[in-house]
Amino acid sequence: MRSALRIALMVFLGLSLGGCAFFGSDRQPPPIAPGKGSIVDTARSQLGVPYRYAGESPRNGFDCSGFVQWVYARHGIRLPRRTDDQLRAGRHVSKSELKPGDLVFFMPSAKSGSLHVGIFDGHGGFIHSPSSGGRVRADSMLAPYWRATYYAANRVTR
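In my numbering, the protein residues as written are 10 to 167.
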């Protein structure tokens with residue numbers, strides 16, 4: 010528990026003090042050093058950041074695909090910006106094969122055909138930037154809404 014708190018504090022300080030190094034431009038954020046946390050750790054570090062349509066950064070907020078793209082970029086993995094394109098990145102995995110860091114996709118409205126994406130946390134939940142007025146949060150994939158709208162998953166590696 011103590012090391013988790015220490016890591017969280019280091020991430021917070023790093024984001025607070027180093028924010029100017031990669032915010033405010035179209036450049037990809039620099040990758041973090043290998044062994045300095047997982048994709049899930051990076052996703053968790055953004056809990057509470059506000060949702061923003063077309064948002065791509067902690068400073069301005071995230072939409073779902075901007076959040077996923079930003080998290081993966083911190084680990085040196087380039088993903089497309091659009092959710093539909095992220096669905097085609099990597100390889101498909103079944104729900105029973107999910108591992109921490111896999112992308113999980115939901116189709117909230119079959120009528121519109123639009124997708125929502127988040128990052129599987131390894132414990133039956135996922136981290137995502139939900140919708141207007143919301144904030145980056147963790148939700149259970151077993152919740153009735155997410156269980157009913159689950160669509161697909163894929164694994165992206167370097």
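Where a beta carbon is used, it is the ideal one built from N, C-alpha and C, also for glycine.
Cut-off 7 Å between Cβ atoms - residues of its own chain near residue i, not counting five sequence neighbours on either side
i, result
"G143", "Y60"
"L88", "V77, Q78, Y81, Q95, A98, V165"
Inter-residue CB distance, residue i and residue j (contact presumed, cutoff 8 Å)
i, j, result
"C172", "V113", "The structure shown does not extend to residue 172, since the chain is modelled only from 10 to 167, so the question has no answer here."
"R172", "D111", "A question about residue 172 goes unanswered here, because the residues of the chain that appear run from 10 up to 167."
"Y62", "S141", "7 Å"
For residue i, the three-state DSSP class (helix, strand or coil)
i, result
"I86", "coil"
"Y81", "helix"
"A52", "helix"
"R91", "coil"
"G75", "helix"
"S138", "coil"
"R100", "strand"
"R144", "strand"
"R68", "coil"
"Y160", "strand"
"S149", "strand"
"S118", "strand"
Best match in the options for proximity to residue i [C-alpha to C-alpha]
i, options, result
"L151", "V77, D94, F76, H132", "H132"
"A147", "T51, A157, F135", "F135"
"Y159", "S123, V145, S141", "S123"
"L107", "Y154, T51, A161", "A161"
"F115", "G99, S103, R83, R156", "R156"
"V145", "K120, Q55, K45", "Q55"
Beta-carbon proximity of residue i to residue j, cut-off 7 Å
i, j, result
"R90", "Q78", "yes"
"G215", "G75", "With the chain running from 10 to 167 in the structure shown, residue 215 is simply not present."
"D130", "V49", "yes"
"F71", "S149", "no"
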